[in-house]
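So the structure is just underneath, and the comments pick up after that.
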Amino acid sequence: MKIVKLNRIKTMLAEIDKQGKWLAQQLGKGPATVSKWCTNAIQPDLKTLVEMAEILNINIRELIVNTK
Numbered sequence: 001m002k003i004v005k006l007n008r009i010k011t012m013l014a015e016i017d018k019q020g021k022w023l024a025q026q027l028g029k030g031p032a033t034v035s036k037w038c039t040n041a042i043q044p045d046l047k048t049l050v051e052m053a054e055i056l057n058i059n060i061r062e063l064i065v066n067t068k
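Residue numbers are given in the UniProt record's numbering: position 1 of the sequence shown equals residue 1, and the series is strictly consecutive.
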């Protein structure tokens, strides 16, 4: 089973020198959940992506991979 990269969460965290654990604390989520998002094993819902973009102070589009 090939994992398709649909988000750039891991990349965006690296750009601001933050860890998934930090993001998990900011969102009130478990570190394992954020880790799965970062590896694209699962995807966050739209509400969470909006919250994440606000926390990271970026446009939500920066979190999503353009697959076209």
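Each residue gets a CB set at the ideal place from its N, CA and C atoms; glycine is no exception.
Residue burial classification, residue i (beta-carbon count within 10 angstroms, cutoff 16)
i, result
"G20", "buried"
"N59", "exposed"
"N7", "buried"
"V34", "buried"
DSSP bridge partner residues for residue i (one or two, in chain order)
i, result
"N66", "For N66, which the question treats as bridged, DSSP gives no partner whatsoever."
Unbroken alpha helix (DSSP H) run spanning residue i, endpoints
i, result
"I16", "That residue, I16, is in no alpha helix (DSSP H); it is neither H nor E in DSSP."
Mind listing, in chain order, the continuous alpha helix (DSSP H) runs of no fewer than 4 residues lying wholly within the UniProt domain "HTH cro/C1-type" (23-63)? Along the UniProt domain "HTH cro/C1-type" (23-63), the alpha helix (DSSP H) occurs as fully enclosed runs of 4 or more residues at 31-38, 46-56, listed in sequence order.
Check whether the stretch 39-49 touches the stretch 11-26, taking contact to mean three or more Cβ pairs, one atom from each stretch, closer than 8 Å. no
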